[in-house]
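Visitor: In order, the protein sequences belong to chains A and B. Numbering-wise (the working numbering), the first sequence opens with residue 3 and increments by one. Numbering-wise (the working numbering), the second sequence opens with residue 1009 and increments by one. Ideal placement from N, C-alpha and C gives every residue a C-beta, glycine not left out. Supplied in structure tokens, the structure appears directly below.
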Amino acid sequence: MTPAAYERLQIRIPLTVAAAAAWAAVVALSDQRRLVAFCNSDVWPALSLDQLALAMTFYSPARLAGEWMLMVAAMMMPMLAGALGHVRARSLPRRRMRSMALFMIGYCAIWAACGVPIVLAVLALQLVQSSSIVTIALAGSLVLVWQFSPGKQICLNHCHDQPPLAAYGIRADLAALGYGVTQGIWCCGACWALMLVPLATQGGHLPAMAATSAFLIAERLDKPRRPAWEVRWPSTAARLLWFRLGLWRRSESAGVKAT
Amino acid sequence: MLVRQNVWELGGDWADPILWYARAVGALRPKPLNDRTSWRFWAGMHGYHQGLWEFYGYKAPAEQVPAQADFDEFWQQCQHGSWYFLPWHRGYLIGFEKLIRSTVVTLGGPPDWTLPYWNYFKPGQDGLPPAFGSPDWPDGTGNNPLFIEQRWGPGDPSQPGKVFVPLDAVNLDAMDVHEFTGVASGGDRGFGGIDTGFEHGGTKHGDIESQPHDQVHGLVGGEKMFPEASTRPLPGLMSSPVTAGLDPIFWLHHANIDRLWQSWRQGDSQNTDPEEASWKKGPASLGQHKFVVPLPDGSPWEYTPEQMSDFAGVGYTYSDFSPAGAPLAAVAGRTATSSGAVAMARSTGATVEVLGANAQSLPVAGKGAETSVQLDARTHTKVAARLAAGPAPGARAEQVFLNLENVRGYSDATVLQVYLQFAGKDGAPSFERQVGSIGLFGITKATESDTGHAGDGLSYALNITKPYSEFAGSGNADPAKVGVRLQAVAPVQQSADVSVGRISIVRQGD
Ligand SMILES: [Cu+2]
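Dropping the structure here:
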């Protein structure tokens, strides 16, 4: 293993463990998940204030927020290796844990705040139409418009930012926290639209979440590029898959020849 | 066997290989931009910038760049800040040499033409070879295609032929590094660069790329103000990756870097190329761009680092492998002693830790800039003790690096000499040591955030183990602070907005 690959692994292993734990929790809670049910509830088409109040007592906001953050943790954790590795490499050894924690706090705070408009957006879609097909069509077009916009590309490019970070004192704390906040903002910008997909999917919510997560990771593998309106898809991941399959076939045939 | 010769030792300023090179360049230059065998197509494979190409007259505004398919397949491939730097450029040189040779043959020249190399380290050979500095052919007529107006450094810009490589700004320290690839976190990056995917403009250059490769680019190309075109200085052709391939001297510089790769491998039995499949098979194995250049008939030739690593199979050799052109005796001795020794522990798994950093971003303009790095007392004490004790048997040697992080700006030609100043305690005099230099080759692209880069600039890691040991071992040195002085080889324009985001000192060891 190369020295740089070893360093990457030092960050990726704990992140993978954390993401796996979050996934396990999501799966374990999937029977009684309120967030998706809340978003897809029959209550919304005939919404009145009374019913909203009723709904809010039934679906505790704290519980909804917890489920939202669990979902964020499961999906976003695998994509934080670059930024966390940067914080680790640029911090004094005795401050590493503290700086990484501050980064996570800033990052999660942004995602928590973004949860409100994202859930409200899903509700708004529900309110406008009762038919789930129309909801999916509306959410789908919103997602596509954002996916192909220059705004999305700007966010994706900034997800690779690795700015200078102060080493000492309060300035070091603020730098780590601030880096977490800005990474949170760019990450929300890159991912918010696709997060609607699992939220708006009632049947097969877990597969939808897994597929979205895989897509988001694949997107991150592509290099930054000039922002523009264009049809984009995760080409690096696709080519990687293609190459691996080709290689597998070649080694198969070589093995056949050898025997 | 085809042998690449030292350009200064061909037997005259206009010896036959140079004359034929000039004729071939002259023949390839007028060819259309979108012709796979044109001079400019080959430069575009390294890098491309519409504005600069048009401003310097290498592209007419109405002229078409290659069709999208060719553009995507061949152009903008050069690998920098990556462990693919050496193998990509070797394949690029092989393809180029084939094109020139076939052109030479078409013009009636020798079928064994080879690309000469420019070893600026050899005594008396630091100057630009004269045939490249003269606007005229040997018979005194003008239009010598080897002459490029846009070479402005580092001497008097009004005399563009008088280009040289100041030897105090370059060194061969990379030749003493025994690992091909290293760490990305601030320690040694390895002789050939860090493990990355396809990197057309990576931010962390490996050791041989950082020194002398980057410096020679900027020192030859230089930069110049064109107030009518830009408030910022514009790079000479060699100074920027997006124009470097247009300058005929580019290829002789890279032949020397390519030669140094093989010198390194021959110099010590520990020095070997990576064994990882992701290096050997190239970035195509990572789902990324393959390495491909056109052959003289225009057909694509795909190559991998694995093929480039097999020096016996590449079809050429060099007339001399001694790095600085000195006798090889010392190198042979080193090989003999090291081959029996236990291979040095690889830096995989080494601890890399920040020892200290300066407080804020440092603007660099005019003659240079100064700052100081505050050291973390506890870590410094630990490092000082380890440096004094030397490595335990089987342990990694303690190493110290100066990191210049997030270097941004718009002056690819800038070369900064880096000095450390150790303050004396209780009125003892301070002492200063030069610890190397950095060349900002590629800085503009690394600074712009909308062109496929994050815009965080380039980062450099200089090995300062020796001066740091001296400082740590001296009872008279003040351990709280280390001064850092950057001294520009040519003045840095204010408008170029050059700055160093942070300067830190990092230790690497067990
Ligand atoms: Cu180069």
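Can you find a CB in chain A that lies within less than 8 Å of the CB of VAL1362 of chain B?
Guide: If you number the second sequence from 1, residue 1362 of chain B lands on position 354. Yes, VAL1362 of chain B counts as interfacial toward chain A.
Visitor: To the nearest angstrom, report how far apart GLY171 of chain A and SER93 of chain A are at their CA atoms.
Guide: As a first step, residue 171 of chain A must be located in the first sequence, where it is residue number 169. As a first step, residue 93 of chain A must be located in the first sequence, where it is residue number 91. Approximately 11 Å, taken between the alpha carbons.
Visitor: Strictly below 7 Å CB to CB, what residues from chain B border ARG234 of chain A?
Guide: If you number the first sequence from 1, residue 234 of chain A lands on position 232. Residues of chain B passing the Cβ test: none, with the nearest at roughly 13 Å.
Visitor: When you compare the CB positions of GLN1407 of chain B and THR1473 of chain B, do they come within less than 8 Å of one another, or not?
Guide: Counting from one through the second sequence, the residue named residue 1407 of chain B turns up at place 399. Counting from one through the second sequence, the residue named residue 1473 of chain B turns up at place 465. Yes, the Cβ-Cβ distance between GLN1407 of chain B and THR1473 of chain B is below 8 Å.
Visitor: Ordered along the chain, which non-local residues of its own chain (more than five positions away) have a Cβ less than 7 Å from that of VAL1224 of chain B?
Guide: Within the second sequence, residue 1224 of chain B is the residue found at index 216, counting from 1. TYR1128, VAL1173, VAL1178, HIS1261.
Visitor: Quick one: using the 10 Å Cβ neighbour count with 16 as the cut-off for buried, is ARG1267 of chain B buried or exposed?
Guide: Taking the second sequence and counting its residues from 1, the one referred to as residue 1267 of chain B is at position 259. With 16 or more other Cβ atoms within 10 Å, it is buried.
Visitor: Taking the C-alpha atoms as reference points, what is the distance between TRP1050 of chain B and LYS1433 of chain B?
Guide: As a working note, residue 1050 of chain B is residue 42 in the second sequence. As a working note, residue 1433 of chain B is residue 425 in the second sequence. Rounded to the nearest angstrom, the two C-alpha atoms are 57 Å apart.
Visitor: What's the C-alpha gap between GLY1523 of chain B and PRO1243 of chain B?
Guide: Since the first and last residues shown for chain B are 1009 and 1518, residue 1523 of chain B lies out of range.
Visitor: Quick test of the definition: if touching needs 3 or more C-beta pairs under 8 Å, does the region 1388-1408 of chain B touch the region 1352-1370 of chain B?
Guide: Segments in contact, yes.
Visitor: From the beta carbon of ILE1451 of chain B, is the nearest beta carbon of chain A less than 8 Å away?
Guide: The residue labelled residue 1451 of chain B in the question sits at position 443 within the second sequence. Chain A, which has no Cβ nearer than 8 Å to the Cβ of ILE1451 of chain B, makes this no.
Visitor: With a threshold of 7 Å (Cβ to nearest heavy atom), would HIS1262 of chain B be considered close to ligand 1?
Guide: By one-based count along the second sequence, residue 1262 of chain B stands at place 254. Under cutoff, so the answer is yes.
Visitor: State the DSSP-derived secondary structure class of ARG1510 of chain B, mapped to helix, strand or coil.
Guide: On the second sequence, position 502 is the one that residue 1510 of chain B refers to. Looking at ARG1510 of chain B - three-state DSSP - the assignment turns out to be strand.
Visitor: Using the Cα positions of ARG1240 of chain B and ASN159 of chain A, report the straight-line distance between them to the nearest angstrom.
Guide: Locating residue 1240 of chain B in the second sequence gives position 232, counting from the first residue. Locating residue 159 of chain A in the first sequence gives position 157, counting from the first residue. Computed Cα separation, rounded: 26 Å.
Visitor: Is there at least one non-hydrogen atom of ligand 1 closer than 7 Å to the beta-carbon of HIS1057 of chain B?
Guide: As a first step, residue 1057 of chain B is located in the second sequence; it is residue number 49 there, counting from the start. False, no ligand heavy atom lies under 7 Å from that Cβ.
Visitor: Using a Cβ-Cβ distance cut-off of 8 Å, determine whether MET245 of chain A contacts chain B.
Guide: Within the first sequence, the letter at position 243 stands for residue 245 of chain A. The identity of residue 245 of chain A in the sequence shown is Phe, whereas the question assumes Met. Interface residue, yes.
Visitor: Can you find a C-beta in chain A that's less than 8 Å from the C-beta of ILE1472 of chain B?
Guide: As a working note, residue 1472 of chain B is residue 464 in the second sequence. No - not a single Cβ of chain A is within 8 Å of the one on ILE1472 of chain B.
Visitor: Could you name the residues that DSSP lists as bridge partners for LYS1489 of chain B?
Guide: Numbered from 1 along the second sequence, position 481 holds the residue referred to as residue 1489 of chain B. B:GLN1382.
Visitor: Using 7 Å as the cut-off, classify the Cβ of HIS1225 of chain B as near or not near the heavy atoms of ligand 1, replying yes or no.
Guide: Residue numbering aside, residue 1225 of chain B sits at position 217 when the second sequence is read from its first letter. Because some heavy atom of ligand 1 lies under 7 Å away, the Cβ of HIS1225 of chain B counts as near it: yes.
Visitor: Taking just the CA atoms, how far does PHE217 of chain A sit from ILE138 of chain A?
Guide: If you number the first sequence from 1, residue 138 of chain A lands on position 136. If you number the first sequence from 1, residue 217 of chain A lands on position 215. So the two alpha carbons sit approximately 18 Å from each other.
Visitor: Specify, as a first and last residue, the run of the beta strand (DSSP E) that VAL1015 of chain B falls within.
Guide: Here residue 1015 of chain B corresponds to residue number 7 of the second sequence, with the count starting at 1. Neither: VAL1015 of chain B is in no beta strand (DSSP E) and is coded neither H nor E.
Visitor: Please name the residue or residues paired with LEU1242 of chain B in a DSSP beta bridge.
Guide: Stepping through the second sequence from its first residue, residue 1242 of chain B is reached at position 234. According to DSSP, which records beta bridges pairwise, LEU1242 of chain B is partnered with B:LYS1232.
Visitor: In the DSSP assignment, the beta strand (DSSP E) including GLU1478 of chain B goes from what residue to what residue?
Guide: Working through the second sequence from its first residue, we reach residue 1478 of chain B at position 470. Taken as a continuous stretch (DSSP letters only), GLU1478 of chain B belongs to no beta strand (DSSP E), being part of the alpha helix (DSSP H) at 1473-1481.
Visitor: For ligand 2, is there a heavy atom less than 7 Å away from the beta-carbon of ALA1182 of chain B?
Guide: Ligands in the displayed structure: ligand 1; ligand 2 is not one of them.
Visitor: Between which two residues does the alpha helix (DSSP H) containing ALA1051 of chain B stretch?
Guide: Start at 1 with the first residue of the second sequence, and residue 1051 of chain B comes out as number 43. Residues 1047-1054.
Visitor: Hey, would you say ILE1265 of chain B sits closer than 8 Å to HIS1221 of chain B, going by beta carbons?
Guide: To locate residue 1265 of chain B, count along the second sequence from 1; it is residue 257. To locate residue 1221 of chain B, count along the second sequence from 1; it is residue 213. In this structure, HIS1221 of chain B lies closer than 8 Å to ILE1265 of chain B by Cβ.
Visitor: Considering Cα atoms alone, identify which of B:GLU1105, B:ASP1505, B:PRO1249 is closest to GLY1089 of chain B.
Guide: Residue numbering aside, residue 1089 of chain B sits at position 81 when the second sequence is read from its first letter. Closest option to GLY1089 of chain B, Cα to Cα, is B:PRO1249.
Visitor: How long is the line joining the alpha carbons of LYS1453 of chain B and GLY1463 of chain B, rounded to whole angstroms?
Guide: In the second sequence, residue 1453 of chain B corresponds to position 445, counting from 1. In the second sequence, residue 1463 of chain B corresponds to position 455, counting from 1. Roughly 8 Å separates the two Cα atoms.
Visitor: Give the range of the alpha helix (DSSP H) segment to which GLY186 of chain A is assigned.
Guide: Here residue 186 of chain A refers to the residue found at position 184 of the first sequence. That run of the alpha helix (DSSP H) goes 171-202.
Visitor: Output yes or no for whether 8 Å exceeds the beta carbon distance between LEU127 of chain A and ALA141 of chain A.
Guide: Position 125 of the first sequence holds residue 127 of chain A. Position 139 of the first sequence holds residue 141 of chain A. Yes, the Cβ-Cβ distance between LEU127 of chain A and ALA141 of chain A is below 8 Å.
Visitor: Use the C-beta contact count for GLY1065 of chain B: other C-beta atoms within 10 angstroms, 16 or more gives buried, fewer gives exposed.
Guide: Numbered from 1 along the second sequence, position 57 holds the residue referred to as residue 1065 of chain B. Under this definition GLY1065 of chain B is an exposed residue.
Visitor: Does the region 176-190 of chain A come into contact with the region 90-107 of chain A, if we say contact requires no fewer than three beta-carbon pairs (one atom in each stretch) closer than 8 Å?
Guide: Judged by Cβ distances under 8 Å, the region 176-190 of chain A makes contact with the region 90-107 of chain A, as three or more pairs qualify.
Visitor: Is the beta carbon of ILE1108 of chain B sitting closer than 8 Å to the one on TRP1091 of chain B?
Guide: The residue given as residue 1108 of chain B occupies position 100 in the second sequence. The residue given as residue 1091 of chain B occupies position 83 in the second sequence. Cβ distance not < 8 Å, so ILE1108 of chain B and TRP1091 of chain B don't count as in contact.
Visitor: Going by DSSP in three states, PHE245 of chain A sits in which element: helix, strand or coil?
Guide: Residue numbering aside, residue 245 of chain A sits at position 243 when the first sequence is read from its first letter. PHE245 of chain A falls in the helix class under three-state DSSP.
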